[in-house]
Amino acid sequence: MDTTIERIDRHPIEVPYRPVTERNMDRELPHWRYLEILEVELADGSVGYGETLLFYTWGETTDEDVERAHGERATSIMWDDSLGAGLQIALFDAVGKAVGCPITDLLGGRVHDETPVSWWCIDMPGEDWVTEARRARELGYRNIKLKARPWFDLDAQLEALDDALPASFAVDLDYNGTLLDAERGLPHLESIVEYPQVTHIEGPIPQEDVEGNASITEALDVPVALHYGRPEPITALCETMCDGFVVSGGASQLRDTAAVASMAEKPFWLQLVGTGITAAFALHCGGAFKQATWPAITCREIYEHELLEERIEVEDGYAEVPTDPGLGYEVDMDAVERFRCEKPEEQPNPPRLIEANWPEGPTIYFAENETNFMITYAREEGMPYFAAGAHTWLVPDDGSDRWEELHEGAREEPVVHDEPVF
Ligand SMILES: [Mg+2]
2 MDTTIERIDR HPIEVPYRPV TERNMDRELP HWRYLEILEV ELADGSVGYG
52 ETLLFYTWGE TTDEDVERAH GERATSIMWD DSLGAGLQIA LFDAVGKAVG
102 CPITDLLGGR VHDETPVSWW CIDMPGEDWV TEARRARELG YRNIKLKARP
152 WFDLDAQLEA LDDALPASFA VDLDYNGTLL DAERGLPHLE SIVEYPQVTH
202 IEGPIPQEDV EGNASITEAL DVPVALHYGR PEPITALCET MCDGFVVSGG
252 ASQLRDTAAV ASMAEKPFWL QLVGTGITAA FALHCGGAFK QATWPAITCR
302 EIYEHELLEE RIEVEDGYAE VPTDPGLGYE VDMDAVERFR CEKPEEQPNP
352 PRLIEANWPE GPTIYFAENE TNFMITYARE EGMPYFAAGA HTWLVPDDGS
402 DRWEELHEGA REEPVVHDEP VF
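Here it is in structure tokens:
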């Protein structure tokens, strides 16, 4: 069998968000719409597909990557993470098809027949989380991962979920460090984990805070997850900074991480972000890595279409690890064609104005600055600390002078008022 790479095609696409996710993603992550599908053909005629989320990926496939892969043997370069997500997944898919085995086999062999999967949501008003969680439950999920943020009323959000969901439906909360330190974070967390749904706490305070994370992990009965690699895994393990990890990266990195997690007997969840194509790859990783026992995040449900001809079904929180060759799912090239776009040269960053307000004040206006601008501001202690009544929304551009002025000001730095202007 000849696995020489003969053809590599790239298809840039813009995939619409579903309505609930759209109105919330547009606040902070409008650029997750843009993906690139990689299509690779080997000398034996096998065709493989992969994808890169262009502006949120562990590795983009560049022109140079495509050039150097051309004419190489797929089997000899597919473990090279520097080829980027799209090309690497496509090579695994193509090689699996050429050999007639699922990607799980190429990753070291099947140890799980099914793998737990989670539904992902950005921070949203409680009623939107409820809508999403209900949909997740209907579609077979038993776990949802949510962004806990000081600019929403987390108690009210969790109250709403508690009213709408059985206690067995698991909620994971990712703070991305916004609890700032263990001294303030612990009392907050101790009340939050009283909600029966709260099952994992991720990144409560900045990951560099070794002592703080260790004390939170020791104090809470609910497991704490940290992103693997920050700080050095040996520190995270020896200091017991967490109960398990959030794991991302290319195939080699995943393999190495899985080996460490296995040695340390720490569970992890995979976080490979994209549509159904990436999700299918993640299922194989879940099938091959013993410690991948926490529900994997792929974010595939934020999109209107998952780019597969057949949906990845979830039952009672689990998806089957595919047994067909390659990814085990056919990519829907009609859909890819429908979503085709010009590849953006840089991250699209449409003008926008965001209002965050608290009943006792202040009201803060943000504009599209660097990615994670609101997290940065929270970490600089610019806003109330998980206070009741917080609400945040995207203020539509009504063409008024006040929108224009506020937006212009917020482009410089967040604009603080005593009360809402809108
Ligand atoms: Mg995270």
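Take the position in the sequence shown, starting the count at 1, then add 1; the result is the number in my numbering.
No residue lacks a Cβ here, since even glycine has one placed at the ideal position from N, Cα and C.
- DSSP places C122 in the strand class (E or B) of the three-state scheme.
- Taken in chain order, the complete beta strand (DSSP E) segments of 3 or more residues contained in the region 236-323 are 245-248, 269-271, 319-321.
- Exclusion of the five residues before and after V223 leaves V194, V199, T200, H201, I202 as the residues of its chain whose Cβ lies within less than 7 Å of its Cβ.
- For G204, the secondary structure class from DSSP, reduced to helix, strand or coil, is coil.
- Within its own chain, the residues whose Cβ lies closer than 6 Å to the Cβ of A137, once the five positions on either side in sequence are excluded, are W120, I145, listed in chain order.
- Short note on E203: C-beta closer than 7 Å to some heavy atom of ligand 1.
- Between the alpha carbons of L407 and E361 lies a gap of roughly 21 Å.
- Between the C-alpha atoms of G110 and I104 there is a straight-line separation of about 9 Å.
- Cβ-Cβ distances below 7 Å link A171 to R143, N144, Q198, T200 in the same chain, with the five nearest sequence neighbours on each side left out; the list follows chain order.
- Taking C-alpha positions only, E302 is separated from A149 by approximately 19 Å.
- Runs of the alpha helix (DSSP H) spanning 4 or more residues and lying entirely within the region 105-158 occur at 127-139, in chain order.
- Secondary structure note for P13: its beta strand (DSSP E) is the uninterrupted segment 6-15.
- Checking the 7 Å criterion, the Cβ of N144 is out of range of every heavy atom belonging to ligand 1.
- Between the region 368-382 and the region 311-329 there are fewer than three inter-stretch CB-CB distances shorter than 8 Å, so the stretches are not counted as touching.
- Cα atoms of A336 and I9: separation of roughly 19 Å, rounded to the nearest angstrom.
- With contacts defined by Cβ atoms closer than 8 Å, I206 and L181 form a contacting pair.
- Separation of the CB atoms of T294 and L273 is rounded to 16 Å, and the pair is thereby denied contact status at 8 Å.
- Short note on D317: C-beta not closer than 7 Å to any heavy atom of ligand 1.
- Residue pairing from DSSP places Y366 in a beta bridge opposite E356, V416.
- Here T62 carries a coil assignment [DSSP, helix/strand/coil].
- Taking the Cβ atoms as the reference, P151 lies roughly 7 Å from A391, within the contact range of under 8 Å.
- Pairing W270 with P234 gives a Cβ-Cβ distance that is not under 8 Å.
- For R34 and I14, the gap between their C-alpha atoms comes out near 8 Å.
- For V223, no alpha helix (DSSP H) encloses it, and the DSSP letter there is neither H nor E.
- In the structure shown, the three-state DSSP call for G178 is coil.
- When C-beta atoms of the region 62-69 are compared with those of the region 24-32, fewer than three pairs fall below 8 Å, so the two segments do not count as touching.
- Ranked by how close their Cα comes to the Cα of P345, the residues H32, R28, D163 have H32 in first place.
- When rounded, the separation of the alpha-carbon atoms in L108 and H285 is 8 Å.
- With a cut-off of 7 Å, the C-beta of N370 is classified as distant from ligand 1, since no heavy atom of the ligand falls inside that distance.
- If you compare the alpha carbons of V332, E343, E314 with that of E115, the shortest gap goes to E314.
- For V96, the enclosing alpha helix (DSSP H) starts and ends at 86-100.
- Here P17 is exposed, its C-beta having fewer than 16 other C-beta atoms within 10 Å.
- A residue is called buried when at least 16 other Cβ atoms come within 10 angstroms of its Cβ; D317 does not meet this threshold and is exposed.
- Three or more Cβ pairs closer than 8 Å define a contact, and the region 348-368 falls short of that threshold against the region 74-88.
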